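Each residue of the sequence shown is one higher than the last, beginning at 1 in the UniProt record's numbering.
Structure, as structure tokens:
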Amino acid sequence: TKQKGKKPPKTTTSDKDSSSTTNRFRGGELIFNRILHDKTIDRSKVIIGYEDRFTGIHEIAFNEFKKVHEHEYGVPMHRLRHFKINGEVVWDRTNK
């Protein structure tokens with residue numbers, strides 16, 4: 001027998017948009033963690049590009065970069081824009 005009024009949940013456009021946004025932000029964090037934990041990468045050669053809301057893109061050495069923690073100042077991971085190793089771009093958020 002069929003039950004009336006029971007429909008499967010629909011996927012909305014906003015559901016799709018939020019998942020793609022989450023994946024986009026996660027990309028930079030995955031690269032950050034890879035560089036952090038991969039012993040074959042010389043972190044002193046890594047530059048992180050991040051976007052400041054007021055002054056645009058800034059670059060900072062990986063070893064000087066601070067992520068946001070609960071009560072500390074730092075850069076939110078969703079502001080990461082690119083990573084360079086030895087001057088070569090290895091990840092770019094807009095061209096990934």
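The C-beta atom is built at its ideal place from N, Cα and C for all residues, glycine as well.
Quick caveat: nothing in here was measured; it's all calculated off a predicted structure.
Separation of residue j from residue i, as counted between CA atoms
i     : j     : result
Thr21 : Glu70 : In this prediction, Thr21 scores a pLDDT of 49, lower than 50, which makes its location untrustworthy; no coordinate-derived value is stated.
Lys45 : Val68 : 22 Å
Glu64 : Val75 : 11 Å
Arg79 : Lys39 : 25 Å
Leu30 : Asp92 : 13 Å
Asn33 : Ile41 : 12 Å
Arg24 : Val89 : For Arg24, the predicted model reports a pLDDT of 45, less than 50, meaning its position is unreliable and no value from the coordinates is stated.
Lys66 : Asn95 : 24 Å
Phe83 : Leu36 : 12 Å
Among the options, the one whose alpha carbon lies nearest that of residue i
i     : options                : result
Ile57 : Gly49, Asn86 and Thr94 : Gly49
Met77 : Asp52, His37 and Glu88 : Asp52
Gly87 : Leu30, Phe32 and Ile47 : Ile47
Ile85 : Thr55, Tyr73 and Glu59 : Glu59
Which residues DSSP lists as bridging residue i, in chain order
i     : result
Gly56 : Asp52
Lys67 : Val75
Beta-carbon spacing of residue i, residue j below 8 Å
i     : j     : result
Arg81 : Phe62 : no
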